[in-house]
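Asks: First the structure, which I've put down as C-alpha cells, then a few questions once you've had a look.
Number of protein chains: 2
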Amino acid sequence: MEFNNLATADPRTCISGKVMRLNRITANIFRKYLSPFNITDSQLTVLFILSKMGGKKQKELSDIMVMEKSTLNRNLQRLVERGLLTKDEFPLIQATQAGKKLANEMVPEWQKAMNEIQNLLGNEGEQALDLVLHQLQNN
Amino acid sequence: MEFNNLATADPRTCISGKVMRLNRITANIFRKYLSPFNITDSQLTVLFILSKMGGKKQKELSDIMVMEKSTLNRNLQRLVERGLLTKDEFPLIQATQAGKKLANEMVPEWQKAMNEIQNLLGNEGEQALDLVLHQLQNN
DNA sequence: ATCATAAAGTTGTATATACAACTTTTAAAA
DNA sequence: TTTTAAAAGTTGTATATACAACTTTATGAT
Numbered sequence: 001m002e003f004n005n006l007a008t009a010d011p012r013t014c015i016s017g018k019v020m021r022l023n024r025i026t027a028n029i030f031r032k033y034l035s036p037f038n039i040t041d042s043q044l045t046v047l048f049i050l051s052k053m054g055g056k057k058q059k060e061l062s063d064i065m066v067m068e069k070s071t072l073n074r075n076l077q078r079l080v081e082r083g084l085l086t087k088d089e090f091p092l093i094q095a096t097q098a099g100k101k102l103a104n105e106m107v108p109e110w111q112k113a114m115n116e117i118q119n120l121l122g123n124e125g126e127q128a129l130d131l132v133l134h135q136l137q138n139n
Numbered sequence: 001m002e003f004n005n006l007a008t009a010d011p012r013t014c015i016s017g018k019v020m021r022l023n024r025i026t027a028n029i030f031r032k033y034l035s036p037f038n039i040t041d042s043q044l045t046v047l048f049i050l051s052k053m054g055g056k057k058q059k060e061l062s063d064i065m066v067m068e069k070s071t072l073n074r075n076l077q078r079l080v081e082r083g084l085l086t087k088d089e090f091p092l093i094q095a096t097q098a099g100k101k102l103a104n105e106m107v108p109e110w111q112k113a114m115n116e117i118q119n120l121l122g123n124e125g126e127q128a129l130d131l132v133l134h135q136l137q138n139n
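These protein sequence lines map, in sequence, to chains A and B.
Just so we're aligned, residue 1 is where the first sequence starts under my numbering, counting upward by one.
Just so we're aligned, residue 1 is where the second sequence starts under my numbering, counting upward by one.
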C-alpha cells in the first residue's frame, strides 16, 4: 500500500514533539532539585506566584499560567491540603505563612536548578526561549 | 516574618515554568487538529516515528523521545490495544498496516497544525526553538 | 552450557493534564 | 429586589508522566 502523505512528512520536524521533549528535559533537571521538598514543578510555580504577588483568583492564575481551570483546581487542592495555600478569603487564593516559608526555603535549590539549566542554554538559548514564547503568546 | 530568599527570586524568570507554559500552548494548538482521530500528541509522535523509520526497540524510542521507559510503555500499550502497533517481532515495536494507514491519513491535519504554529512562530521563532533544544541536548 | 549480572521491559502508584458536565457565584437587566 | 445569563469554580473521567520495585531478557564470564 502506498503512503504518499507519510513520505512527505518528517516526524523530526514536529513542533509539538520538539516542545514535549524540551519539556521533559527541563522537568527532569528541575525535579532533581525540587523532589526533596516533595513538591512538583507546577505546584512550585503556583506557590511562587502567590507568595510573591499576593492573593489571586483562580481565573487570574489560570490565565497567567495558560493552564486549564480544572488542572489548576487540582494543583491548588493539593497545596491547600498541605496547608501551603488557603481559600479562606474566597475567591482569592493566598499563600499561608507555611507556604511562604517553604517557598522561601526552596529558593536556593530552585536557583541551583536555574544555574544548571542556564549553563546548558547559554544567554543565547535563554533569549531564544523567550523569543519562542513571545511569538506564541503575543501574536 | 522575613522572606529574604523570596525577595530575590522572580517566578516569571523560571525556565521550567516558561517551558511548561510553552508546552501547554503548543499542545492546545495540536489537539485541535488531532482529537478528531482520537489520538494524542505523544501517541502520534510514536506512531509517526515507527511508521517512518521502521521497527524500533523500546529503549531506542525512549532515547529518541527522551521519555521515561514506563511512560513510553503506557503509550505503546494504548497503541497496541488499538491495533496501530504490534510487538509480534519482540523486541521490535512496529507499526501495523492500520497504524501506517492512520498516520498517513493524519498528515494533512498535522500539516495544518504545523502551519498554524509556524505562522505564529515565524522562521526566527522556529529557529530559536531548535537552538534551545540543541543547547540542552548537545551539551 | 551454566551462572551471575546488567539491561530492558512491566506494573503499582501518585500527580499532572484536559474535556465535559455539573454547581456555585457574579453581574447585568428588568 | 429579583431574575436571568454568564462566568467561575468543581468533579468525573481518561490519558500522560515518572518513580520505585518488580520480572524478563540479554550479555559476559566461567
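Glycine is no exception: its CB is placed at the ideal position from the N, C-alpha and C atoms.
List the residues that DSSP assigns as beta-bridge partners of B/ALA95.
Replies: For the purposes of this step, residue 95 of chain B is taken as residue 95 along the second sequence, with counting starting at 1. Answer is B/LEU85, bridged to B/ALA95.
Asks: Would you mind stating whether A/ASN5 and B/PRO108 have Cβ atoms separated by less than 8 Å?
Replies: Within the first sequence, numbered from 1, the residue matching residue 5 of chain A stands at position 5. Within the second sequence, numbered from 1, the residue matching residue 108 of chain B stands at position 108. In contact: A/ASN5 and B/PRO108 (Cβ atoms closer than 8 Å).
Asks: Sorted by chain position, which residues of the same chain lie with C-beta nearer than 6 Å to A/VAL46's C-beta, five sequence neighbours on each side aside?
Replies: Taking the first sequence and counting its residues from 1, the one referred to as residue 46 of chain A is at position 46. Around A/VAL46: ASN75.
Asks: Excluding sequence positions up to five away, which residues of its chain have a Cβ less than 8 Å from the Cβ of B/LEU102?
Replies: Against the second sequence, residue 102 of chain B aligns to sequence position 102. Once the five neighbours on either side are set aside, the close Cβ partners of B/LEU102 are PHE37, ILE39, LEU47, LEU84.
Asks: Which residues in chain B have a C-beta closer than 7 Å to the C-beta of A/ASN23? List them in chain order.
Replies: Indexing the first sequence from 1 puts residue 23 of chain A at position 23. Result: VAL19, MET20, ASN23.
Asks: Residues of the stretch 33 to 55 of chain B with a CB closer than 7 Å to any CB of chain A: list them in chain order, please.
Replies: Under the 7 Å Cβ criterion, the stretch 33 to 55 of chain B contributes ASP41, SER42, THR45, PHE48, ILE49, SER51, LYS52.
Asks: Rounded to whole angstroms, what's the CA-CA distance from A/GLY55 to A/GLN94? Just pull it up for me.
Replies: Here residue 55 of chain A is taken as the residue at index 55 of the first sequence, counted from 1. Here residue 94 of chain A is taken as the residue at index 94 of the first sequence, counted from 1. Rounded to whole angstroms, A/GLY55 to A/GLN94 spans 4 Å at the Cα level.
Asks: With 9 Å as the limit, tell me which residues of the stretch 80 to 106 of chain B have their beta carbon closer than that to any beta carbon of chain A; keep them in chain order.
Replies: Answer in chain order: GLN97, LYS100, LYS101, ALA103, ASN104, GLU105, MET106.
Asks: Between which two residues does the alpha helix (DSSP H) carrying B/ARG21 extend?
Replies: Locating residue 21 of chain B in the second sequence gives position 21, where the first residue counts as 1. Residues 15 to 34.
Asks: Is there a C-beta anywhere in chain A that falls below 8 Å from the one on B/SER16?
Replies: As a first step, residue 16 of chain B must be located in the second sequence, where it is residue number 16. Judged by the 8 Å Cβ criterion, B/SER16 is in contact with chain A.
Asks: If contact means a Cβ-Cβ distance below 9 Å, which residues of the stretch 113 to 132 of chain B contact chain A?
Replies: Those would be ALA113, MET114, ILE117, GLN118, ASN119, LEU120, LEU121, GLY122, GLU124, GLY125, GLU126, GLN127, ALA128, LEU129, ASP130, LEU131, VAL132, in chain order.
Asks: With 16 other CB atoms within 10 Å as the buried threshold, where does A/ASN28 fall?
Replies: Position 28 of the first sequence holds residue 28 of chain A. A/ASN28 should be labelled exposed.
Asks: Step through the CB atoms of chain B and report whether any lies within less than 8 Å of the CB of A/LEU72.
Replies: The residue you call residue 72 of chain A lines up with position 72 of the first sequence. For A/LEU72, the answer is no, since every Cβ of chain B falls outside 8 Å of its Cβ.
Asks: If you draw a straight line from the alpha carbon of A/GLN58 to that of A/GLN97, how long is it in whole angstroms?
Replies: Your numbering for residue 58 of chain A matches position 58 in the first sequence. Your numbering for residue 97 of chain A matches position 97 in the first sequence. For A/GLN58 and A/GLN97, the distance between alpha carbons rounds to 20 Å.
Asks: Going by Cα to Cα distance, which pick from A/HIS134, A/LEU129, A/MET106, A/GLY122 is closest to A/TYR33?
Replies: Here residue 33 of chain A is taken as the residue at index 33 of the first sequence, counted from 1. Out of A/HIS134, A/LEU129, A/MET106, A/GLY122, A/MET106 has the C-alpha closest to the C-alpha of A/TYR33.
Asks: Counting only beta-carbon separations shorter than 8 Å, does B/GLN58 have a partner in chain A?
Replies: Position 58 of the second sequence, counted from the first residue, corresponds to residue 58 of chain B. It does not; no Cβ of chain A falls within 8 Å.
Asks: Measuring alpha carbon to alpha carbon, tell me which residue in A/ASN123, A/GLY122, A/ALA128, A/ARG24 is nearest B/GLU124.
Replies: Locating residue 124 of chain B in the second sequence gives position 124, counting from the first residue. Closest option to B/GLU124, Cα to Cα, is A/ALA128.
Asks: Residues of chain B with CB under 7 Å from A/ASN5, in chain order?
Replies: Position 5 of the first sequence holds residue 5 of chain A. Those are ASN104, VAL107, PRO108, listed as they occur along chain B.
Asks: Based on DSSP bridge pairs, tell me the residues matched to A/LYS56.
Replies: In the first sequence, residue 56 of chain A corresponds to position 56, counting from 1. Beta-bridge pairing links A/LYS56 to A/ILE93.
Asks: Give the residues of chain A in contact with B/ASN75, contact being defined as C-beta atoms less than 7 Å apart.
Replies: Residue 75 of chain B sits at position 75 when you count from the first residue of the second sequence. Neighbours of B/ASN75 on chain A: none; closest Cβ ~11 Å, over 7 Å.
Asks: Using DSSP with H/G/I as helix, E/B as strand and the rest coil, what is A/VAL107?
Replies: Numbered from its first residue, the first sequence carries residue 107 of chain A at position 107. Helix, per DSSP.
Asks: Is any beta-carbon of chain A found at less than 8 Å from that of B/LEU136?
Replies: In the second sequence, the residue the question calls residue 136 of chain B occupies position 136. Yes, because at least one Cβ of chain A sits closer than 8 Å to the Cβ of B/LEU136.
Asks: Since I believe B/SER42 is in contact with A/MET1 (beta carbons under 8 Å), could you give me their beta-carbon distance rounded to a whole number of angstroms?
Replies: Start at 1 with the first residue of the first sequence, and residue 1 of chain A comes out as number 1. Start at 1 with the first residue of the second sequence, and residue 42 of chain B comes out as number 42. About 25 Å separates the two Cβ atoms, so there is no contact after all.
Asks: Suppose you measure from the CA of A/LYS100 to the CA of A/LEU72; what does that come to, to the nearest Å?
Replies: In the first sequence, counting from the first residue as 1, residue 100 of chain A sits at position 100. In the first sequence, counting from the first residue as 1, residue 72 of chain A sits at position 72. One C-alpha to the other measures close to 19 Å.
Asks: Within 10 Å of its beta-carbon, does A/SER70 have 16 or more other beta-carbons around it, so buried, or fewer, so exposed?
Replies: Position 70 of the first sequence, counting from 1, holds the residue named residue 70 of chain A. By the 10 Å Cβ count, A/SER70 comes out exposed.
Asks: Would you tell me roughly how many angstroms separate the C-alpha atoms of B/LYS52 and B/GLU68, rounded to the nearest one?
Replies: Here residue 52 of chain B corresponds to residue number 52 of the second sequence, with the count starting at 1. Here residue 68 of chain B corresponds to residue number 68 of the second sequence, with the count starting at 1. Cα-Cα distance, rounded: 22 Å.
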